[in-house]
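Visitor: For reference, each letter of the sequence shown is one residue, going -39 to -1, 1 to 385 in mature numbering (1 follows the signal peptide of the UniProt record, and there is no 0).
C-beta atoms are modelled at their ideal positions from N, C-alpha and C, and glycine is treated no differently.
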Amino acid sequence: MKHRGRHRRRRRGRALRGALAGTALALTAAATMISTSQATDADDPGALKPLTTAADTAPLRLTEHAVPGAELKRLAASMGRPVGVGAVLADPDGALRDAEDCADDDRRALPVEPAATRAYCWPDRDTDGWRAGAVTGSGDADEDGRWGAHRVVLSGWTRSTGTPAEQGLARVAFVAADDDRAPRYTWALLTVPVDGGRDYRGLGSDVSGMVWYQDKLLVTAGRGEGSALYVYDLDRMQRATVDGTSVGRVPGGWSAAGARYVLPAVASYGTAGAGAPRPGGIALDRSTVPDSLVVHEATPPDDEGPTLLWRYAFGTRPERAGLLEAEPVAVYETELTHVTGVLAHRSDWYVSRATGAPDERSTLWRQDLEGARPVRCGADETYRCWSGPSTSLSYWQATGDVWSQSGRMLFALPLASVDRSLER
């Protein structure tokens, strides 16, 4: 392995379509003011470079740590019978607003090119002090794009303010995406069982990557967690019984920092050690056999590249449903830096890249073993066309849509429209 410290170089209403188109036109006008010489992403990153030696792949090998079944049973015995996704969706905390009703400042986070076909914003009162993260959903979980009778989007958030105990807490919103106009959502806190299943603590991690596959939810873990990924069983959600800011067992019951549901981890994955590359973002790829999890490397802000991309296969035995095989099946290097999201479909890898300042738009590239192409803003050479601080890409094969999230905006657009923009 090369030394990682080295320098590394359904159809929408007319009103919504109009609102999104208007936003896109306004953003395009702003984006075209950036000249080619100012666009620091103009350098072609070129083709992906396969890495095949044991030195390259061995540090990415996963070690699986399952939470003992006895601990999960003890927790359930104390908290009550676990519930599933349907029960959570039937008990909403609030509703998203359609894009046409969202503030201009929020809508500026939407992509310039290609334009979103579905877009919603989160209410301030429910997201103030929280930072948006990764997106996944029933389009990842099942081939038909539904979980039972519902289309569901999962939106990850990390606490960014509050007391030291509150900062870094991670939660997931379960969004019922069947109603285009007002999707309702319910919060669940991500936790880790402790004290032999007699209690739980909050997962302290930026939710930069998240994939729902079958009945499992895989979430990236921050450096302080000591693991690369955590695994949650969506049939094992528990109800919190006390409304408070604490997390875990409290006098009178169980608290989840204001959330009414709790997801306790059932397993975690670690990599080779402190110096091993860590997952920064993840996505599901159903175009491989078996299905696989694709990953981009988490890198520090001053990293100069290159960045690693790799994939793990999902287990095919019934007892391994939703769990990963240990060895990476493919590893690549990309010259792109500041990578914030990754998606793979067939031989193409779609990689989003932050461009520097927080108020600058990101870029989106498609790379393969032959070369790279960027999404462009119209006919000019500006590449800063993608959303704001987007951290996740989730491709729903059943609908052909890509879901993402930027700031308070949750949005979707066809992957085909991304490809058309790339061909200009």
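1. Does DSSP put G240 in a helix, a strand or coil?
2. Assuming V250 and L270 make a contact with CB atoms under 8 Å, what is their CB distance in whole Å?
3. Check P53 in the structure and name its three-state DSSP category.
4. Taking DSSP as the reference, what is the three-state secondary structure of A223?
5. Please list the terminal residues of the continuous beta strand (DSSP E) segment that includes E258.
6. Do you know how far the Cα of G219 is from the Cα of T206?
7. Suppose contacts are defined by Cβ-Cβ distances below 8 Å. Is Y311 in contact with R334 by that definition?
8. Could you have a look at L115 and say whether DSSP puts it in helix, strand or coil?
9. Here's the rule I'm using: 16 or more other beta-carbon atoms within 10 Å means buried, otherwise exposed. How should P11 be labelled?
10. Who are the near neighbours of P154 in its chain, counting only those whose CB is closer than 6 Å to its CB and skipping five residues on each side?
11. Rounded to whole angstroms, what is the Cα-Cα separation between E127 and W357?
12. Helix, strand or coil for G100 per DSSP?
13. Counting pairs of beta carbons, one from the region 82 to 96 and one from the region 169 to 185, are three or more of them closer than 8 Å?
14. Please confirm whether any heavy atom of the ligand ATP lies closer than 7 Å to the CB of V44.
15. To the nearest angstrom, how far is the alpha carbon of F372 from that of P72?
16. For the alpha helix (DSSP H) that contains E32, what are its first and last residues?
17. With a CB to CB cut of under 7 Å and the five nearest residues on each side skipped, what residues in its chain are close to residue 390?
18. Residues bridged to S229 by DSSP?
19. Compare the beta carbon distance of Y230 and A189 with 8 Å and say whether it is the shorter of the two.
20. Can you tell me the Cα-Cα spacing of D194 and W108, whole angstroms?
21. What does DSSP give as the partner residue(s) for P154 in the beta ladder?
22. Can you give me the C-alpha to C-alpha distance between G368 and R42, rounded to a whole angstrom?
23. Note down, in chain order, each residue of its chain lying with its Cβ closer than 8 Å to the Cβ of A377, except the 5 sequence neighbours on either side.
24. Below 8 Å on the Cβ atoms is my contact criterion, and I expect S166 with G129 to pass it. Report the Cβ-Cβ distance as a whole number of Å.
25. Between the alpha carbons of T24 and C63, how many angstroms are there, rounded?
26. Helix or strand or just coil, what does DSSP make of H47?
27. Under a CB-based cut-off of 8 Å, is S313 close to chain D?
28. Only counting the same chain, and skipping five residues up and downstream in sequence, which positions put a Cβ closer than 7 Å to that of D359?
29. By how many angstroms is the C-alpha of S365 removed from the C-alpha of L374?
30. Can you list, in chain order, the residues of its chain with a C-beta nearer than 6 Å to that of L(-13)? Leave out the 5 residues immediately preceding and following it.
31. What does L376 pair with, by DSSP beta-bridge criteria?
Guide: Considering the structure as presented:
1. In the sequence shown, residue 240 corresponds to position 279, counting from 1. The sequence given here places Pro at residue 240; Gly does not occur at that position. If DSSP states are grouped into helix, strand and coil, P240 belongs with the strands.
2. By 1-based counting over the sequence shown, the position of residue 250 is 289. By 1-based counting over the sequence shown, the position of residue 270 is 309. Between L270 and V250 the Cβ distance is about 19 Å, and since that is not below 8 Å, they are no contact.
3. Taking the sequence shown and counting its residues from 1, one reaches residue 53 at position 92. Coil.
4. Reading the sequence shown from its first residue, position 262 is the one you call residue 223. Note that residue 223 corresponds to Val in the displayed sequence, not to Ala. Strand, per DSSP.
5. For the purposes of this step, residue 258 is taken as the residue at position 297 of the sequence shown. E258 -> beta strand (DSSP E) spans 253 to 258.
6. As a position in the sequence shown, residue 206 is number 245, starting the count at 1. As a position in the sequence shown, residue 219 is number 258, starting the count at 1. Looking at the two C-alpha atoms, the distance is approximately 6 Å.
7. The residue given as residue 311 occupies position 350 in the sequence shown. The residue given as residue 334 occupies position 373 in the sequence shown. No. Outside cutoff.
8. As a working note, residue 115 is residue 154 in the sequence shown. The answer is strand: DSSP assigns L115 an E or B state.
9. Indexing the sequence shown from 1 puts residue 11 at position 50. It is exposed - the Cβ of P11 has fewer than 16 other Cβ atoms within 10 Å.
10. Along the sequence shown, read from residue 1 onward, the residue named residue 154 stands at position 193. Only V28, E32, L36, Y161, P225 meet the Cβ criterion.
11. The count along the sequence shown starts at 1 and reaches residue 127 at position 166. The count along the sequence shown starts at 1 and reaches residue 357 at position 396. Those two C-alpha atoms are separated by around 33 Å.
12. To locate residue 100, count along the sequence shown from 1; it is residue 139. It is helical.
13. yes
14. For the ligand ATP, the structure offers nothing, since it holds no ligand at all.
15. Within the sequence shown, the letter at position 411 stands for residue 372. Within the sequence shown, the letter at position 111 stands for residue 72. Each residue's Cα considered, the two are about 9 Å apart.
16. Numbered from 1 along the sequence shown, position 71 holds the residue referred to as residue 32. Element bounds for E32: 30 to 40.
17. Since the first residue of the chain shown is -39 and the last is 385, residue 390 is not available in this structure.
18. Counting from one through the sequence shown, the residue named residue 229 turns up at place 268. H26, Y191, per the DSSP bridge assignment.
19. For the purposes of this step, residue 230 is taken as residue 269 along the sequence shown, with counting starting at 1. For the purposes of this step, residue 189 is taken as residue 228 along the sequence shown, with counting starting at 1. The answer is yes: Cβ separation under 8 Å.
20. Mapped onto the sequence shown, residue 194 falls at position 233. Mapped onto the sequence shown, residue 108 falls at position 147. Taking the straight line joining both Cα atoms gives about 14 Å.
21. Walking along the sequence shown from the start, residue 154 turns up at place 193. Paired residue(s): Y161.
22. To locate residue 368, count along the sequence shown from 1; it is residue 407. To locate residue 42, count along the sequence shown from 1; it is residue 81. For G368 and R42, the distance between alpha carbons rounds to 35 Å.
23. As a working mapping, residue 377 is identified with position 416 in the sequence shown. If we look at A377 and ignore the five residues flanking it on each side, its Cβ neighbours are G361.
24. For this step, residue 166 is matched to residue 205 along the sequence shown. For this step, residue 129 is matched to residue 168 along the sequence shown. About 7 Å separates the two Cβ atoms, so the contact holds.
25. Residue 24 sits at position 63 when you count from the first residue of the sequence shown. Residue 63 sits at position 102 when you count from the first residue of the sequence shown. Their Cα atoms are separated by approximately 44 Å.
26. Walking along the sequence shown from the start, residue 47 turns up at place 86. Looking at the sequence itself, residue 47 is Gly, so the reference to His does not match. Correct three-state label for G47: helix.
27. Protein chain content of the structure displayed is limited to a single chain, and chain D is not contained in it.
28. In the sequence shown, the residue the question calls residue 359 occupies position 398. Contrary to the premise, residue 359 reads as Ala rather than Asp in this sequence. G100, E104, D105, G106.
29. If you number the sequence shown from 1, residue 374 lands on position 413. If you number the sequence shown from 1, residue 365 lands on position 404. The straight-line gap from Cα to Cα measures roughly 9 Å.
30. In the sequence shown, counting from the first residue as 1, residue -13 sits at position 27. The pLDDT assigned to L(-13) is 46, lower than 50, so where the model puts this residue is not dependable; a value taken from the coordinates is nonetheless given after this. The residues are V73.
31. Taking the sequence shown and counting its residues from 1, the one referred to as residue 376 is at position 415. According to DSSP, which records beta bridges pairwise, L376 is partnered with nothing at all.
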